[in-house]
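Here the working numbering is used: the first residue of the sequence shown is 17, the next is one more, and so on.
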Amino acid sequence: MAEQRKRVRVGSDALQELIEELAVRLQRSVVVDDPLVRLISSSQHFGDEDPVRIRSLLQGRADAQIIRYVLDQGVARWTKPDFVEGRDDLGLLTRYCVPLRERGELLGLLMVVAPDGTLAAEETDAIARAVPAITAQLRADQLAADTGDTDLREALLGLLGTGETARAAARQQLLDSGALPDARHAVVTVVQVSRSSEPPGQVELALRGALERFRSTRAAEGALAVSQDGAVLLQLSAQPMAERELVEQATTVKEALTAYLETSAAPVLGIGGSQEGLADAWTSHEQALVGARAARRLTHLKGVGIWDSLGELAVLLQVPDHALTPSLLPGPLRRLLDSTGGQRLEETLACFLEHAGSIPRTAEILQIHRTSLYYRLRQIQEITGLDLDNGGDRLVLHLGLRMRELLAEHV
Numbered sequence: 017m018a019e020q021r022k023r024v025r026v027g028s029d030a031l032q033e034l035i036e037e038l039a040v041r042l043q044r045s046v047v048v049d050d051p052l053v054r055l056i057s058s059s060q061h062f063g064d065e066d067p068v069r070i071r072s073l074l075q076g077r078a079d080a081q082i083i084r085y086v087l088d089q090g091v092a093r094w095t096k097p098d099f100v101e102g103r104d105d106l107g108l109l110t111r112y113c114v115p116l117r118e119r120g121e122l123l124g125l126l127m128v129v130a131p132d133g134t135l136a137a138e139e140t141d142a143i144a145r146a147v148p149a150i151t152a153q154l155r156a157d158q159l160a161a162d163t164g165d166t167d168l169r170e171a172l173l174g175l176l177g178t179g180e181t182a183r184a185a186a187r188q189q190l191l192d193s194g195a196l197p198d199a200r201h202a203v204v205t206v207v208q209v210s211r212s213s214e215p216p217g218q219v220e221l222a223l224r225g226a227l228e229r230f231r232s233t234r235a236a237e238g239a240l241a242v243s244q245d246g247a248v249l250l251q252l253s254a255q256p257m258a259e260r261e262l263v264e265q266a267t268t269v270k271e272a273l274t275a276y277l278e279t280s281a282a283p284v285l286g287i288g289g290s291q292e293g294l295a296d297a298w299t300s301h302e303q304a305l306v307g308a309r310a311a312r313r314l315t316h317l318k319g320v321g322i323w324d325s326l327g328e329l330a331v332l333l334q335v336p337d338h339a340l341t342p343s344l345l346p347g348p349l350r351r352l353l354d355s356t357g358g359q360r361l362e363e364t365l366a367c368f369l370e371h372a373g374s375i376p377r378t379a380e381i382l383q384i385h386r387t388s389l390y391y392r393l394r395q396i397q398e399i400t401g402l403d404l405d406n407g408g409d410r411l412v413l414h415l416g417l418r419m420r421e422l423l424a425e426h427v
């Protein structure tokens with residue numbers, strides 16, 4: 017028997033032994049994945065390894081394309097074993113998949129390689145007998161790993177909350193416990209996921225899985241709090257984190273969530289500005305929430321809103337959703353939009369204001385003669401009743417156009 021012992025030490029030794037025993041009994045490769053199809057424990061193999069298995073062993077996880085394919089089979093909702101059909105183009109052999117559940121909650125997936133898509137009755141019986149012990153050990157491992165997470169989560173949420181007294185107490189708790197250092201720079205990233213048809217707990221698990229992609233490699237210290245539809249990540253460092261690094265992190269999280277969740281989940285991320293240590297981390301959190309709101313409303317941000325890049329939109333996004341309606345547009349701007357040729361005049365006004373009222377630059381960008389530009393600007397002043405040489409009148413129109421942008425791009 018040509019076989020290779022290749023273990024990934026993620027699950028406990030006890031779980032590994034159970035997996036090995038079943039694999040030897042079946043003379044087939046056996047794997048336990050979590051509900052996101054991420055490798056927990058893997059047996060030796062028996063000449064039945066495929067490219068997917070090899071990559072999973074080397075990387076500790078399957079490729080995003082494989083994860084999405086398996087999840088698309090509905091395995092997270094399965095209540096009984098079935099086969100996940102192989103795909104030659106993905107390098108995937110057929111697997112017998114057993115959902116490992118405790119009181120209805122999906123803890124993981126037991127995968128047995130079955131290239132021809134069949135198993136003998138004695139093989140399925142052996143798997144069924146092994147499942148209770150594997151499930152129990154998997155739950156024990158998860159409970160052990162979760163020890164202390166709740167206290168840290170509560171302290172982090174207290175630190176980022178609105179109550180000054182609660183923030184001070186949470187800060188002291190985190191410092192006394194040694195959970196976090198009081199580094200000079202603090203940045204908060206928030207992740208929000210829309211309600212979707214995912215099974216209970218799947219979104220929370222997906223968030224944990226996505227965020228751990230960079231938690232283990234980042235230079236900053238940090239803490240994470242995850243809920244059923246969102247997550248908060250606090251990062252602390254001696255030097256300010258570069259915006260490029262924060263955006264790369266956010267992009268990594270978004271890509272991972274795309275692999276783990278259905279497209280209807282529509283995740284968005286907000287990145288707050290750098291603040292002074294733990295004491296002011298709550299300010300970065302408030303800014304990150306505004307960034308996430310911007311990412312939700314403005315499609316051109318591609319799901320990632322950065323406080324420091326929002327400019328005046330950061331102010332407008334403080335307006336509550338129920339009040340963020342066309343009624344907020346200034347009356348003069350509404351008259352312009354409703355006028356004959358309103359779209360052309362709106363574009364002219366926007367270009368003029370964006371370039372600080374520069375006639376040469378505006379005419380160049382619009383590719384029109386300056387005489388035509390002066391004519392349009394006179395039309396705008398006549399319709400709106402405002403003076404484009406007056407700073408206050410310009411501000412009214414400019415903020416109105418920004419508000420219109422928020423309303424127009426809202427998805």
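Even for Gly, the Cβ is constructed at its ideal location relative to N, Cα and C.
The C-alpha of alanine 424 lies about 12 Å from the C-alpha of leucine 345. The C-alpha of valine 331 lies about 12 Å from the C-alpha of leucine 340. Close CB contacts of asparagine 406 within its chain, under the 6 Å cut and outside five residues either way in sequence, are absent.
Glycine 327 has its alpha-carbon roughly 28 Å from the corresponding atom of arginine 392. Cβ neighbours of serine 45 within its own chain (closer than 7 Å, five residues either side excluded): Ala39, Ser59, His61, Phe62, Asp64, Glu65, Arg69 and Val129. The C-alpha of proline 115 is placed about 12 Å away from the C-alpha of valine 100.
Collapsing the DSSP output to three states places arginine 392 in a helix. Here alanine 185 carries a helix assignment [DSSP, helix/strand/coil].
Spanning the alpha carbons of arginine 350 and glycine 288 requires a straight line of approximately 33 Å.
Restricting attention to Thr356, Pro215 and Leu285, the CA atom closest to the CA of glutamate 398 is found in Thr356. Between alanine 247 and leucine 223, the gap from beta carbon to beta carbon is short of 8 Å. Contact check for leucine 190 against leucine 294 passes: the beta carbons are separated by less than 8 Å.
Proximity of the region 190-200 to the region 261-268 falls short of the contact definition, fewer than three beta-carbon pairs being nearer than 8 Å. Counted as a single uninterrupted DSSP element, the beta strand (DSSP E) harbouring proline 115 occupies residues 111-118.
Counting only the Cα atoms, cysteine 113 lies some 6 Å from aspartate 98. The alpha-carbon separation between alanine 281 and threonine 387 amounts to approximately 51 Å. The region 267-279 and the region 163-181 do not touch, with fewer than 3 CB-CB distances between them shorter than 8 Å. Within the region 28-71, the beta strand (DSSP E) runs of at least 3 residues that lie entirely inside it are, in chain order, 46-49 and 55-58. Residue pairing by DSSP places isoleucine 287 opposite Thr205 and Ile322 in a beta bridge.
In the DSSP annotation of this structure, the continuous segment of the alpha helix (DSSP H) that includes serine 300 starts and ends at 297-313. By the Cβ neighbour-count rule, aspartate 49 is buried, with 16 or more other Cβ atoms within 10 Å of its own. Per DSSP, the unbroken alpha helix (DSSP H) holding aspartate 88 starts and ends at 80-88. In the DSSP assignment, phenylalanine 99 is bridged to Tyr112.
Cβ neighbours of proline 67 within its own chain (closer than 7 Å, five residues either side excluded): Gly107. Per DSSP, reduced to three states, the secondary structure at methionine 257 is coil, with no helix or strand assignment.
Between arginine 93 and the set Ile82, Gly124, Gly401 and Ala241, the nearest pair of CA atoms involves Gly124. Bridge partners of glycine 347 according to DSSP: none are assigned. Of all alpha-carbon atoms in Arg111, Ile83, Thr151 and Phe368, the one lying nearest the alpha-carbon of glycine 120 is that of Thr151. Close CB contacts of isoleucine 35 within its chain, under the 8 Å cut and outside five residues either way in sequence, are with Gly27, Val46, Val47, Val48, Ser57, Ser58, Ser59 and Ile150 (chain order). For glutamine 251, the three-state secondary structure derived from DSSP is strand.
Counting along the chain, no beta strand (DSSP E) covers valine 91, and no H or E run does either.
Glycine 286 is positioned such that its CB atom lies no closer than 8 Å to that of valine 203. At the C-beta level, arginine 418 and leucine 329 come within 8 Å of one another.
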